[in-house]
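Enquirer:
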Amino acid sequence: MHVDRTTTRPYGRRWLGGALALAVGSGLVLVGGAGTAQAADVNVAKNAGFENGLVNWACSAGSGAAVSSPVRTGTGALKATPAGLDNAKCVQTVAVKPNSTYTLSAWVQGGYAYLGANNTGTGSGSVSTWTPDSPSWKQLTTTFTTGASTTSVEIYTHGWYGTSPYFVDDVSVYGPDGGGGQDPDPVVPATPAGLAAGTATTSSVALSWGAVSGATSYKVYRDGANPQTVTGTSTTVTGLTADTAYQFQVSAANAAGESAKSTAVTARTLKPTDPGPGPAVPKHAVTGYWQNFDNGAAKQKLRDVQAAYDIIAVSFADSTATPGQITFNLDPAVGYASDADFKADVAAKKAAGKSVIISVGGEKGNVTINSDASATAFADSAYALMQEYGFNGVDIDLEHGINSTYLSKALRQLSAKAGSSLVITMAPQTIDMQSTGTEYFKTALAVKDILTVVNTQYYNSGSMLGCDGKVYSQGSVDFLTALACIQIQGGLAPSQVGLGVPASTRGAGSGYVDPQIVKNALDCLTKLTGCGTFKPAQAWPTLRGAMTWSTNWDATAGNAWSNAVGPHVHNLP
Numbered sequence: 000m001h002v003d004r005t006t007t008r009p010y011g012r013r014w015l016g017g018a019l020a021l022a023v024g025s026g027l028v029l030v031g032g033a034g035t036a037q038a039a040d041v042n043v044a045k046n047a048g049f050e051n052g053l054v055n056w057a058c059s060a061g062s063g064a065a066v067s068s069p070v071r072t073g074t075g076a077l078k079a080t081p082a083g084l085d086n087a088k089c090v091q092t093v094a095v096k097p098n099s100t101y102t103l104s105a106w107v108q109g110g111y112a113y114l115g116a117n118n119t120g121t122g123s124g125s126v127s128t129w130t131p132d133s134p135s136w137k138q139l140t141t142t143f144t145t146g147a148s149t150t151s152v153e154i155y156t157h158g159w160y161g162t163s164p165y166f167v168d169d170v171s172v173y174g175p176d177g178g179g180g181q182d183p184d185p186v187v188p189a190t191p192a193g194l195a196a197g198t199a200t201t202s203s204v205a206l207s208w209g210a211v212s213g214a215t216s217y218k219v220y221r222d223g224a225n226p227q228t229v230t231g232t233s234t235t236v237t238g239l240t241a242d243t244a245y246q247f248q249v250s251a252a253n254a255a256g257e258s259a260k261s262t263a264v265t266a267r268t269l270k271p272t273d274p275g276p277g278p279a280v281p282k283h284a285v286t287g288y289w290q291n292f293d294n295g296a297a298k299q300k301l302r303d304v305q306a307a308y309d310i311i312a313v314s315f316a317d318s319t320a321t322p323g324q325i326t327f328n329l330d331p332a333v334g335y336a337s338d339a340d341f342k343a344d345v346a347a348k349k350a351a352g353k354s355v356i357i358s359v360g361g362e363k364g365n366v367t368i369n370s371d372a373s374a375t376a377f378a379d380s381a382y383a384l385m386q387e388y389g390f391n392g393v394d395i396d397l398e399h400g401i402n403s404t405y406l407s408k409a410l411r412q413l414s415a416k417a418g419s420s421l422v423i424t425m426a427p428q429t430i431d432m433q434s435t436g437t438e439y440f441k442t443a444l445a446v447k448d449i450l451t452v453v454n455t456q457y458y459n460s461g462s463m464l465g466c467d468g469k470v471y472s473q474g475s476v477d478f479l480t481a482l483a484c485i486q487i488q489g490g491l492a493p494s495q496v497g498l499g500v501p502a503s504t505r506g507a508g509s510g511y512v513d514p515q516i517v518k519n520a521l522d523c524l525t526k527l528t529g530c531g532t533f534k535p536a537q538a539w540p541t542l543r544g545a546m547t548w549s550t551n552w553d554a555t556a557g558n559a560w561s562n563a564v565g566p567h568v569h570n571l572p
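The sequence shown begins at 0 in numbering that gives the first Met the number 0 and counts up one residue at a time.
1) According to DSSP, is T162 part of a helix, a strand, or is it coil?
2) What is the DSSP secondary structure of C89, reduced to helix, strand or coil?
3) For W552, report the span of its alpha helix (DSSP H) as first-last.
4) Can you tell me whether E387 is helix, strand or coil according to DSSP?
5) How big is the Cα-Cα spacing for T74 and V170?
6) Sorted by chain position, which residues of the same chain lie with C-beta nearer than 7 Å to A65's C-beta, five sequence neighbours on each side aside?
7) Go through the region 431 to 492 residue by residue and report every complete run of the alpha helix (DSSP H) that reaches 4 residues or more, in order.
8) With a 10 Å radius around its C-beta and 16 neighbouring C-beta atoms as the bar for buried, classify A214 as buried or exposed.
9) From which residue to which residue does the alpha helix (DSSP H) around K412 run?
10) Of all the options Y382, F143, I430, which has the alpha carbon lying nearest to the alpha carbon of T201?
11) Do V280 and S358 have their CB atoms nearer than 8 Å?
12) Got a sec, what are the start and stop residues for the alpha helix (DSSP H) H569 sits in?
13) Which of helix, strand or coil does DSSP assign to S503?
14) When the Cα atoms are used, what is the spatial distance from I487 to A426?
15) Report the rounded CA-to-CA distance for K282 versus S163, giving the unit in angstroms.
16) Mind checking which residues open and close the alpha helix (DSSP H) that includes F292?
17) For S261, which of helix, strand or coil comes out of DSSP?
18) Would you mind stating whether A251 and G158 have Cβ atoms separated by less than 8 Å?
19) From what residue to what residue does the alpha helix (DSSP H) around N519 run?
20) How would you write the range of the beta strand (DSSP E) that K78 sits in, first residue to last?
21) Which same chain residues end up closer than 6 Å to V512 when comparing Cβ atoms and leaving out the 5 residues on each side of it in sequence?
22) Nearest chain C C-beta to F143 closer than 8 Å, yes or no?
23) In whole angstroms, give me the CA-to-CA distance for T130 and G63.
24) My guess is that T525 and P566 are in contact by the Cβ rule of under 8 Å, so how many angstroms apart are they, rounded?
25) Check this for me: beta carbons of T232 and A210, under 8 Å apart or not?
26) Determine the closest residue to R71 out of F377, D168, Y111, A105, with distance taken between C-alpha atoms.
27) Starting from K137, follow its DSSP beta bridges and name the residues at the other end.
28) Taking only three categories from DSSP, how would you classify D371?
29) Which value, in whole angstroms, describes the spacing of the CA atoms of P540 and A284?
30) In angstroms with no decimal places, state the Cα-to-Cα distance between Y471 and S462.
31) What span of residues does the beta strand (DSSP E) with K218 cover, start to end?
32) I'd like to know whether the C-beta atoms of A116 and A199 end up nearer to each other than 8 Å.
33) Please determine, among I423, I401, A417, the residue with the shortest C-alpha to C-alpha distance to D431.
34) Spatial neighbours of S59 within its chain, please: CB distance less than 6 Å, with the 5 preceding and 5 following residues excluded, ordered by chain position.
35) Does DSSP classify T200 as helix, strand or coil?
36) Please report the residue range of the alpha helix (DSSP H) in which A252 lies.
Structure follows, in structure tokens:
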């Protein structure tokens, strides 16, 4: 693989000192600041502050993007992201005057950043300088002299392979005008026209407006305040209160300043769908996860979910850019014509005595609740989804680590909003419920007074310890009963314990058990019959029931799981 000698990555401080000594010895002088300039000297770089996006610049492999933060001056900067064998090189060809000296400089931040010029016509034809990671803006500067017939030079920036993105702002190629002139100073853009309100929900309003020449960003005002800066000509304003009228205006901005605000438009958020108290969860309940995506299992609308399921966990909520905040996006693959059609199915299931809840997490979900602010964001957004869709509560299926302190706060805030009918379920992995010292177990105990059921996933786990200290292999009656025993002995009520298993061999990587084994485990825990080698010291007749992933995989297998386990759960003592 060919490597440009000017871009060899330094390794350690000692190498850096040697590199600088070599550079000076070969005639490459690193100038600390701009030298004495002639009266006619100008900055011959175009769009030097990236106020007009990437105009005049070309970046390798799509590695460059114009960003509004961080910026050193104005409203734009370059963000370039190395990836694989690409070092995120961004170039511009500038017009120069022959036999002239130019000072090349730029301000950089972030990962390794290089600045240089090629095809200068003198010496080796190239000059460059660089800096390692820089947490704040730092100026790189060097000089070059053009050859007797050189009328254009390529200037460039790049990072280093596999390192963090770097940022660039305020590039300068300062010297005699080579005929291309310099960018004129920007003028304040005109006021945007055509502001219009689009789709509204209970908590958001979509807005769009016409583009303004020379604008590098726009500011969206809500009721004359709280401006939100965006780079495009549309946005969705979120965090609004249901059934409330808001007035919106937009202005255009660039490095020269901000235009006057546009003519105002008024939009009203939708009225919430009152979830009501919801049906009571049965003494013995069957929980099933409904897939809001297509992964090869039978596609179902909510109305198609088998009648045996008492709690239907809609999988999954989506995270947003705000820590802790969740939203819900109905997947077109499911086949619903509209959100209203889905909401009607939720209402119909509730009318049939079922609880429909929104599940948070899953294998790929990652909602972070680790502060007071994120706990509040979770509670507010979860309650907004309950109002909008009619959900009865939430399921916590976070598989990438949780913070019991703040997740407990979030659930208590949600409970305060939703009231005593709130349904809260959890689906920890087996390792999460091995002892009361784990974050999941601590959370369950911290919200025990408002917790409905913990349906531990007794699959994809391998062998685990039972409450008697013995090791049990997944897929057996003993595995289900001896591990469920840990939760009850650890402080959960039997009515808060459920057995989570796959609905078919395709529903999980490992741990599928025949429905008969599930029925035997339920009988062992509630009646001390059907046990394997492990037998609890007492029966727990109020055990809540069983859960499966998923109603879709159950349907794929001909509803064998719900047809067998459903009636058995409902006939427990």
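We put the CB at the ideal spot given by N, CA and C, even for glycine.
Expert: In short, the structure shows the following:
1) coil
2) strand
3) 550 to 555
4) helix
5) 14 Å
6) F49, G52, L53, G75, L77
7) 438 to 445, 476 to 488
8) buried
9) Reading off the sequence, residue 412 comes out as Gln, not Lys. Residues 403 to 417.
10) Y382
11) no
12) 559 to 569
13) coil
14) 16 Å
15) 54 Å
16) Note, F292: premise wrong, no alpha helix (DSSP H); not H, not E.
17) coil
18) no
19) 514 to 526
20) 76 to 79
21) G474, V500
22) Note that chain C does not occur in the displayed structure, where there is just one protein chain.
23) 19 Å
24) T525 to P566, Cβ: 15 Å. No contact.
25) yes
26) D168
27) V107
28) helix
29) 13 Å
30) 5 Å
31) 216 to 221
32) no
33) I401
34) D85, K88
35) coil
36) Note, A252: premise wrong, no alpha helix (DSSP H); beta strand (DSSP E) at 244 to 253.
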